[in-house]
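Protein chains in written order, with our numbering: chain A, 1 to 139; chain B, 140 to 688; chain C, 689 to 813.
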């Protein structure tokens, strides 16, 4: 799979897919989309990059170990539930704040934090499995 | 009860799960700092155990507690409901997890820690705690899968040939079992339109006892029986439980099969009492055969670890015996009622058993004994595997042909092992004795003398197997020329542990084994409350829908 | 509609059972995948096939105005799909490793953990 065309286009394709995955993640609260599907798109982006340029390049590009990314996601998701202790509501209750940044109202919520957590778990988990499989093929 | 304003103390219901996931995630994030892992993990497990104990105390004081996820009102949201049964199991699980994690600090190598031993351990404990605390059938399935994923990770730690072989069988069969659980849950939803356990418990009484409910009950029995390794679905257990590290085997043997038993108690006994009564004869036969398979299997093994596998199965059979007890003359269990003479003996025994647990029906007695035995079995099986791990590391092998001389070289370890072996065989004055007394008396009271006799026979056979273990591995002098065993290298590589650290977790477990053996009253009171809560789930339903508490 | 789907589920169960009963791990894997799909359709069917309208309550109303699809089975199936997907990925890696290390994907020949020539324990000393 190491053709020159593929190797040339893969980084652009990966960047585009990661961007799209973040878009899908953020639109997920009110429209189709969300953390899981966004995470899958991002994981497949890294898988494509791995097929084109080798697993080592992906690991370098990710910066963190995939399992550490998944762990950070799990941590964020559980923290999203724990916020409800302060609101005296049931575990995992959705809590919203609407701060203004430069005059624009931004909706921040615990469901969003949870969704970002799911996104990271899926990105980390699936790309670590995909990278493990790709590593073996190249042996 | 309107579920709205929760105080901080109410969050104890979800604390075990949240703590496990938080610590697991945190440890995974610092995966490269393997030296820090024990110093984060041990306080984490201490915290988990403390939360479990507080939860148990709260349930003992206030009755079942419920928290609705995300403030959705029942029966629509996911409920976390904890009653005495769940609190007892989750506390026991927290205790053995703490003991095992202390043991793991020296028995798990740096590479294995780096691979993620402690994070997977926390993930598995999160799944186990979630399964004990949830009040929703589908959520129970999800926690089963969480604990399975954690256990898969622990099982292949090291990636040796043996482990890959064992893991393949374990993974496939457990996956089929959970899928069967999911199938049944689909049928359940189709029939009831709800998956909240309290809601189902209330509605199930209004259904006719027709084929549909019985089908669901049988499917749950098969699925959970497979998870619990009951005969004839037990073959995956002896094929896999001896392959991972000893501390992993210890936790698996202690906890995972008991999660299956817990789910069976929760779903079959609490939600479908009439169907349970119909199936009581079947469960009695399953219990009897599981006990015998476990006892005879243990006698035939020449490897200490594989012998302990069969002890697990025998323990599961004993717990199932407690679940087979229903009201005498209920039409159930006819196959095992010997003669009318047996029925006459029943009445006499009824009075005695009632004296043991005053004002109890035989179902409550059986269930109470089963829960007691399950708690004892979690503790003692974990302890046995941990002690066997230390012994095997010192002897350089876990084969009974090679081991020997440990009484002379390690008297403290040998003494602890003797305590655990006596406890697992059900001999006084240790924790295995009282639940067996309750179960045997309960079996006679319920008109199942054959079952009672088989419990006693199993106890005898396990005593023989235990005595053989002690005589061969500990009492005799070390054999002159140890066979060149391929495993030797593995065990020796782990190195000999410091005596004090390796004995601390065993001492912790031994304290329970002795305390529950000499003063069983405090534990029987708790298990009795748990059993009554299952037989009459009004308080459980009340904590979810209000009116009860 | 429910009847047709039930028949489909039955067929899928039969095929997956046949595959799982095979000796070869790769076929068992395919069987497990089919089994999880069969279960998903079963849950979907258990929620009854009612309407295709999304279960949304319009602004200002207290309840949906017309018949809507049952959202709960879809949530359950989504969860089940995620779980079965991750399990399949894990099992695939495991089976591949087992094949590499043990040199066979025939479960009858995988006897490393339970050697056949394991005699009885010593009967005395």
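Glycine is no exception: its CB is placed at the ideal position from the N, C-alpha and C atoms.
Check, Outcome
"Name the chain B residues that come within less than 8 Å of residue 74 of chain A, Cβ to Cβ?", "160, 163, 164 and 167"
"Taking C-beta pairs closer than 7 Å, name the residues in chain B that residue 143 of chain A reaches, listed in chain order.", "In the structure as shown, chain A starts at 1 and stops at 139, and residue 143 of chain A therefore has no counterpart that could be examined."
"In the DSSP assignment, the alpha helix (DSSP H) including residue 219 of chain B goes from what residue to what residue?", "No alpha helix (DSSP H) holds residue 219 of chain B; the beta strand (DSSP E) holding it covers 218–221."
"Let me confirm a value: residue 100 of chain A is counted as buried when at least 16 other C-beta atoms fall within 10 Å, else exposed. Which label applies?", "exposed"
"Cutting at 6 Å between CB atoms, please list the residues of its own chain near residue 269 of chain B, excluding the five before and the five after it.", "156 and 282"
"Give me the Cβ distance between residue 569 of chain B and residue 558 of chain B, rounded to the nearest whole Å; I'm assuming they're in contact under 8 Å.", "6 Å"
"According to DSSP, is residue 308 of chain B helix, strand or coil?", "helix"
"Can you tell me whether residue 462 of chain B is buried or exposed, with buried defined as 16 or more other CB within 10 angstroms of its CB?", "buried"
"Output the boundary residues of the beta strand (DSSP E) element that contains residue 444 of chain B.", "From DSSP, residue 444 of chain B is part of no beta strand (DSSP E) but of the alpha helix (DSSP H) over 443–462."
"What residues from the segment 750–772 of chain C come within 9 Å of chain A, judged by C-beta to C-beta, listed N to C?", "766 and 770"
"Can you give me the C-alpha to C-alpha distance between residue 717 of chain C and residue 363 of chain B, rounded to a whole angstrom?", "22 Å"
"Which same chain residues end up closer than 6 Å to residue 812 of chain C when comparing Cβ atoms and leaving out the 5 residues on each side of it in sequence?", "none"
"Report, in whole angstroms, the separation of the C-beta atoms of residue 545 of chain B and residue 530 of chain B, which I expect to be a contact under 8 Å.", "6 Å"
"Whose Cβ in chain A lies nearer than 8 Å to the Cβ of residue 207 of chain B?", "90"
"Check whether the Cβ of residue 3 of chain A lies closer than 9 Å to any Cβ atom in chain B.", "no"
"Cα separation between residue 158 of chain B and residue 228 of chain B?", "17 Å"
"How about residue 552 of chain B and residue 641 of chain B: do their beta carbons lie closer than 9 Å?", "yes"
"Could you check if residue 738 of chain C is buried or exposed, using at least 16 other CB atoms within 10 Å of its CB as the buried criterion?", "exposed"
"Shorter than 9 Å from the beta carbon of residue 69 of chain A to some beta carbon of chain C?", "no"
"Decide if residue 488 of chain B is buried, meaning its Cβ has at least 16 other Cβ atoms within 10 Å, or exposed.", "Here residue 488 of chain B scores only 47 on pLDDT, less than 50, and its place in the model should not be relied on; the value that follows carries that caveat. When all chains shown are included, residue 488 of chain B counts as buried."
"Spatial neighbours of residue 123 of chain A within its chain, please: CB distance less than 7 Å, with the 5 preceding and 5 following residues excluded, ordered by chain position.", "39, 42, 43 and 69"
"Comparing the C-beta of residue 77 of chain A with each C-beta of chain C, is any distance below 9 Å?", "no"
"Using a Cβ-Cβ cut-off of 7 Å (strictly less than) and excluding sequence neighbours within five positions of residue 673 of chain B, which residues of its own chain qualify?", "224, 404, 408, 409 and 506"
"In its own chain, which residues sit with a C-beta less than 6 Å from the C-beta of residue 264 of chain B, not counting the 5 before and 5 after it?", "159 and 236"
"Grouping DSSP H, G and I as helix and E and B as strand, with all else coil, what is residue 755 of chain C?", "coil"
"Hey, how far is the Cα of residue 652 of chain B from the Cα of residue 111 of chain A?", "45 Å"
"Would the beta-carbon of residue 458 of chain B fall within 9 Å of that of residue 432 of chain B?", "no"
"Counting Cβ pairs closer than 8 Å, one from the segment 26–38 of chain A and one from the segment 119–133 of chain A, do we hit at least three?", "yes"
"Counting only beta-carbon atoms, is residue 215 of chain B nearer than 9 Å to chain A?", "no"
"Flag this pair as yes or no: are the beta carbons of residue 527 of chain B and residue 370 of chain B separated by less than 9 Å?", "no"
"Are any of the Cβ atoms in chain B nearer than 9 Å to that of residue 703 of chain C?", "no"
"May I have the straight-line CA-CA distance separating residue 342 of chain B from residue 230 of chain B, to the nearest angstrom?", "30 Å"
"Name the residue from A:95, A:8 and A:108 whose alpha carbon lies nearest to the alpha carbon of residue 691 of chain B.", "The displayed coordinates of chain B run from 140 to 688. Any statement about residue 691 of chain B would go beyond what the structure contains."
"Taking the alpha-carbon positions, what's the residue 769 of chain C to residue 728 of chain C distance?", "7 Å"
"Would a C-beta distance cut-off of 9 Å place residue 503 of chain B and residue 367 of chain B closer than the cut-off?", "no"
"Leaving out five residues on either side along the sequence, give the residues of the same chain with a beta carbon under 7 Å from the beta carbon of residue 618 of chain B.", "541 and 543"
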